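In the working numbering, the protein residues as written are 331 to 461.
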């Protein structure tokens, strides 16, 4: 299974590539999200990209975190990074409208194959995460 990246590693790699200013803006937008579940300031305060990645995955799960990261990256105009996140996951990022509700986003995220492979990631639209 060498070579297969986990959700945490893919997100951490993406956040690591952001400049300090862009990372700070990403965190600001994360804290400003109105959709539930929300991240509290003390959860990310003073954390680097690895700590923020842990918060993202623990808050939004391995299936929801990549979608949230893509949305936030696009909000801060880091479209190339959002596209790369989709490419890293083996998908073709497309400029599509995302789900209108979080229920739609979390309701059909994929199936469990237990092999760690990601089927595709259409960023920021709904995607399948196979784990």
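Ideal Cβ positions, reconstructed from N, Cα and C, are used throughout, including at glycine. The structure displayed is predicted, hence computed values, not measured ones.
Span of the alpha helix (DSSP H), counted from its first residue to its last, around residue i
i	result
residue 410	409-418
residue 335	First-last for residue 335: undefined, no H or E at that position.
residue 348	It is not in any alpha helix (DSSP H) - residue 348 carries neither H nor E in the DSSP assignment.
residue 404	379-405
residue 374	371-374
Cβ-Cβ separation, residue j to residue i (assumed contact under 8 Å), whole Å
i	j	result
residue 341	residue 387	7 Å
residue 359	residue 411	That pair is no contact at about 13 Å.
residue 346	residue 379	5 Å
residue 344	residue 415	5 Å
residue 400	residue 352	Residue 400 to residue 352, Cβ: 15 Å. No contact.
Nearest residue (CA-CA) to residue i, options the options
i	options	result
residue 364	393, 398 and 346	398
residue 349	391, 403 and 338	403
residue 357	385, 417, 391 and 409	385
residue 375	367, 354 and 394	354
residue 338	392, 367 and 371	392
Collapsed DSSP secondary structure at residue i in the structure displayed
i	result
residue 355	helix
residue 434	With a pLDDT of only 42 at residue 434, under the threshold of 50, the placement of this residue in the model should not be trusted; the figure read from the coordinates follows. Looking at residue 434 - three-state DSSP - the assignment turns out to be helix.
residue 361	helix
Residue i at chain C interface by Cβ criterion, 8 Å
i	result
residue 417	The chain inventory of the structure shown lacks chain C, comprising one protein chain alone.
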